[in-house]
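*Asks:* Here the protein sequences line up with chains L and R, keeping their order. At position 124 of the first sequence (counting the first as 1) the number is 124 in my numbering, and the numbers step up by one without a gap. Counting the second sequence from 1 gives a position; my numbering is that position plus 1000.
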Amino acid sequence: MAKLTIADLKKIKDKQKATFTLREGGYKAKVTVHMGTCGIAAGAREIMTTLMDIISESEEKVVIATTSGCAGLCAREPMATVEVMGSAPVKYGDLTPDKMKDIYKEHVQEGNPVEKYAIVIGNESTY
Amino acid sequence: MEKHRSNLMICAGTGCIATGTHQVRDALEAEIKKHKLTDEVKVVLTGCNGFCAEGPVMMVFPEDIFYQKITVEEVPKLVEEHFLKGRPYEKLMFKEPLKKSVIPIMHDIPFFKYQVLRVLRNKGLIDPESLDEYIARDGYQAAAKALTEMTPEQIIKTVKDAGLRGRGGAGFPSGLKWEFASKTEADKKFMLCNGDEGDPGAFMDRAVMEADPHSVIEGMIIGAKAIGSNHGVIYVRAEYPLAVERLQMAIDKCMEIGLLGKNIFDSGFDFELEIYLGAGAFVCGEETALMRSIEGKRGMPRPRPPFPAHKGLWDKPSVLNNVETLAQVAPIILNGSEWYRSVGTEQSAGTKVFALTGDIKNVGLVEVPMGTPLKTIIYDIGGGMTNKKKKFKAVQMGGPSGGCIPEAMLDVPVTYEDIIKTGAIMGSGGMVVMDEDTCMVSTSKFFLEFTAEESCGKCTPCRVGTQVMLDLLTDITEGRGKEGDIETLEDLSHDIIATSLCGLGQTAPNPVLSTIRYFRQEYESHINNHYCQSGICGDLCSFEITDACKGCQACVRACPKDAIVGEKKQLHRIMQDLCIQCRSCYNACKFQAVDIKPALKKDKQAPAVKDEEVTQ
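1) So which residues on chain L does Tyr1626 (chain R) lean against when the C-beta distance must stay under 7 angstroms?
2) Considering only the beta carbon of each residue, do Tyr1276 (chain R) and Ile1264 (chain R) sit closer than 8 angstroms?
3) Going along the chain, which residues of the segment 1124 to 1136 of chain R sit with their C-beta nearer than 7 angstroms to a C-beta in chain L?
4) In angstroms, rounded to a whole number, what distance separates the CA positions of Ser58 (chain L) and Thr1357 (chain R)?
5) Hey, quick one: how far does the alpha helix (DSSP H) through Ser1006 (chain R) stretch, first residue to last?
6) Hey, quick one: how far does the beta strand (DSSP E) through Asn1122 (chain R) stretch, first residue to last?
7) For Asn1321 (chain R), which option in R:Gly1403, R:Pro1461 and R:Ile1221 has the closest C-alpha, if you only look at C-alpha atoms?
8) Which bits of chain R does Gln16 (chain L) rub up against, with CB to CB less than 7 angstroms?
9) Arg1237 (chain R) lies in the beta strand (DSSP E); which residues open and close that run?
10) Is there a Cβ of chain L sitting closer than 8 angstroms to that of Lys1085 (chain R), yes or no?
11) So is Leu1259 (chain R) in contact with chain L if we call contact Cβ pairs under 8 angstroms?
12) Using three-state DSSP, classify Pro1373 (chain R) as helix, strand or coil.
13) Just the C-alpha distance for Glu1063 (chain R) and Gln1570 (chain R), rounded to the nearest angstrom, thanks.
14) Identify the contact partners of Gly36 (chain L) in chain R, using a Cβ-Cβ distance below 7 angstroms as the criterion.
15) Please list, in chain order, the chain R residues whose beta carbon lies closer than 7 angstroms to that of Gly43 (chain L).
16) Report yes or no: do three or more beta-carbon pairs, one from the segment 1332 to 1341 of chain R and one from the segment 1145 to 1155 of chain R, lie closer than 8 angstroms?
17) Per the contact definition of three or more C-beta pairs closer than 8 angstroms, is the segment 1301 to 1321 of chain R in contact with the segment 1189 to 1202 of chain R?
18) For Lys1604 (chain R), does the count of other Cβ atoms within 10 angstroms reach 16, so buried, or fall short, so exposed?
19) Chain R partners of Met52 (chain L), CB-CB under 8 angstroms?
20) Looking only at its own chain, which residues have a Cβ that is under 6 angstroms from the Cβ of Met1001 (chain R), when we skip the five neighbours before and after it?
21) For chain L, find out if any of its Cβ atoms is closer than 8 angstroms to the Cβ of Asp1196 (chain R); answer yes or no.
22) Specify whether the segment 1463 to 1477 of chain R and the segment 1448 to 1455 of chain R touch according to this definition: at least 3 beta carbon pairs, one from each stretch, less than 8 angstroms apart.
23) Can you give me, in chain order, the residues of the segment 1052 to 1075 of chain R that have a beta carbon less than 7 angstroms from any beta carbon in chain L?
24) Taking CB distances under 8 angstroms as the criterion, tell me whether Thr1148 (chain R) reaches chain L.
25) Can you tell me whether Lys116 (chain L) is buried or exposed? The criterion is at least 16 other CB atoms within 10 Å of its CB, across all chains shown.
26) List, in chain order, every chain R residue whose beta-carbon is nearer than 8 angstroms to that of Ser87 (chain L).
27) In chain R, which residues lie with their C-beta within 8 angstroms of the C-beta of Thr132 (chain L)?
28) Can you tell me whether Thr81 (chain L) is helix, strand or coil according to DSSP?
29) Between the C-alpha atoms of Ser1514 (chain R) and Gly1168 (chain R), what's the straight-line distance to the nearest angstrom?
30) I'd like to know whether the C-beta atoms of Cys1439 (chain R) and Ile1596 (chain R) end up nearer to each other than 8 angstroms.
31) Could you tell me the alpha carbon to alpha carbon distance between Ile1486 (chain R) and Cys1459 (chain R), rounded to whole angstroms?
32) Measuring straight from C-alpha to C-alpha, what distance separates Pro1607 (chain R) and Gln1553 (chain R)?
33) Asn1194 (chain R) lies in the beta strand (DSSP E); which residues open and close that run?
34) Residues of chain L with a CB under 8 angstroms from the CB of Asp1212 (chain R): which are they?
35) If we cut at 8 angstroms on Cβ distances, does Leu4 (chain L) have a partner in chain R?
36) Give a yes or no on whether 8 angstroms exceeds the smallest Cβ distance from Ala1202 (chain R) to chain L.
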């Protein structure tokens, strides 16, 4: 292996950034996919897979995806909550992979909640 | 897919490996695969998390959820609930003893809440076998800065200004040590690391070497540059196989990519590093003895001066720093001395790692700011006594070189200066907590046994003196104590301290002196009344069942000699002629109905007869 230079230290650190955002905190946005039995039955797995794919394809290193239990509104599953740091969390319902992609682009990246898919805005902490 | 949504950090320190880390990891990976979550959830083995009492432990990121005592049987349920359905699995979470409520978030658990992590900054966050993960946490940036931007004088000044003091126990200013060696002219100098941790009950350095080997190596590179050395040796005891393995792995990796070897970071600075295995002699933790041991000679101390900074290993200028000291160097260089001084006290800056053991609930590894009161460490972080019905009696600090601190002094802040006033020493960080069932005479005898055995034999006062003291203590605990024994012990102690060459002899009597100082009444009771109030010294006590007995038969089942009679729900009775004072009934009783009484008169001649009865 080639000899390590000081510039390499930074490169390695950047490469690891996504992993350590997850472990240390300090992320920009968190997307929680609700995976209760109802959510899974309604297709939450597919939503999660789509989300994970978008995150790993994008250059974004400070967005994390996580799961949570049933959000209580089983009729509107699959659901997801998007929390952008510093603004109120927004719950989205009746999701499809395409809707998830829109939400990621509009809300997570641009910071504008997607009103047409949103169910509720406000503080209901995920844990 | 490179990015995962969740990282499961399982502790792979020696403690958790012993309780089943590898089995749990295999089970977790199998379950995760079964649910097709391999791309989303990553399992990482980390170094010691510190909460050893509850192992195997696992931290889940990003949720910060802490699981403890994970078993292979629980894994399928855990994976299904938490990682598939996203419902944290309460059954394996930490329960706070007083409230019985489940506290899932790691930083809310008092054990973690009061800690400030500097030495253990990467604990549970990185895989100790991955250099990339160490670099991700700013690893080797301090080395790069020291090698390319700083002069040796600047490095030494920063460390001196930070007020870093030797964490091996003596507390000598590390920057000053470096300065002495740096100013000595020589063709060759040595940068050494002391990983010969030998105090009973201490495991701080082992945890650092296992959990974050690169932090020690980086500290050594910076130190080597400061003193102008191109050769380093890490002296580790062979009883620490995992530490040796991880250090070696880290050194090999560094050699491979040029973090060790010639012309590091193109700075023109060369540094080579090797590991030397110690055979586990306690005296080899003493710096001159350690150096003799590396030279292949018998590990014995020699007089100072000449100090190692002038004539050390192979008679060349050498600096020996403790593992924990070295692990603090990189953050000091990177963040500056002001930052380092932001916690701790004026004289004792920064943090200190302690290994909490004994009769305390949260056995483990903790790092607190200097100046934290002992009470906070024992009650808030340590969670108090294991057995809630028992009262705190004393905490032993500094191992065989230290002493016991009684309850009345628990407000003392942990700093080098304050601890030494109590008669104990800061030491390397062993903290053994003892409850009221501990006999202080036996405790000091335990430490004397250790030092008498480990004395290298060079100085007569230490070699013979510790043995004579041990004989006196043995007599006292077996009922042969005489008037004047306490004074003889004190006299001998002062002589040994005054006339021994190295730290081993100079501190060996400390456990005896400090227990006499705070628990003299116990010594007197042993000698004058032949009574060991805690029921530890079998020849000096007897056991009796009181009216509080509920007749539950627990003691009957526990007694190895069938010496307890009594029907269910009837008052039980101990047949004294059969009793061997093993204390089993006392420990078994849930109603504290077994009393410890002075030894019965006839027992004094009885032992021989009792043995015959047994053989028949």
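Cβ coordinates follow ideal geometry from the N, Cα and C atoms, glycine included. All values derive from a computational prediction rather than experimental measurement.
*Replies:* On the basis of the supplied data:
1) No statement about residue 1626 (chain R) is possible, as the shown extent of chain R runs from 1001 to 1616 and does not include it.
2) no
3) Leu1125, Asp1132, Glu1133, Ile1135 and Ala1136
4) 48 angstroms
5) That residue, Ser1006 (chain R), is in no alpha helix (DSSP H); its beta strand (DSSP E) goes Ser1006 to Cys1011.
6) Run containing Asn1122 (chain R): none; DSSP gives neither H nor E here.
7) R:Ile1221
8) Asp1132, Glu1133 and Ala1136
9) His1231 to Arg1237
10) yes
11) yes
12) strand
13) 54 angstroms
14) Lys1085
15) Going along chain R, no residue has its Cβ under 7 angstroms from Gly43 (chain L), so there is no contact; the nearest lies around 14 angstroms.
16) yes
17) yes
18) Only weak support exists for where Lys1604 (chain R) lies, its pLDDT of 47 falling under 50; the coordinates are left without a value.
19) Met1001, Lys1003, Arg1005, Asp1039 and Glu1040
20) Because Met1001 (chain R) sits at a pLDDT of 45, beneath the cut-off of 50, its placement in the model cannot be relied upon, and the following sentence gives the value as read from the coordinates. Asp1039.
21) no
22) yes
23) Phe1061, Pro1062 and Glu1063
24) yes
25) exposed
26) By Cβ distance, chain R contributes nothing, its closest Cβ being about 19 angstroms from Ser87 (chain L), past 8 angstroms.
27) Past the edges of chain L, shown from 1 to 127, lies residue 132 (chain L), and the structure says nothing about it.
28) strand
29) 21 angstroms
30) no
31) 24 angstroms
32) Summary for Pro1607 (chain R): the model assigns pLDDT 48, below 50, so the residue's position carries little reliability, and this model does not support an answer.
33) Phe1190 to Gly1195
34) Simply none; closest approach about 15 angstroms.
35) yes
36) no
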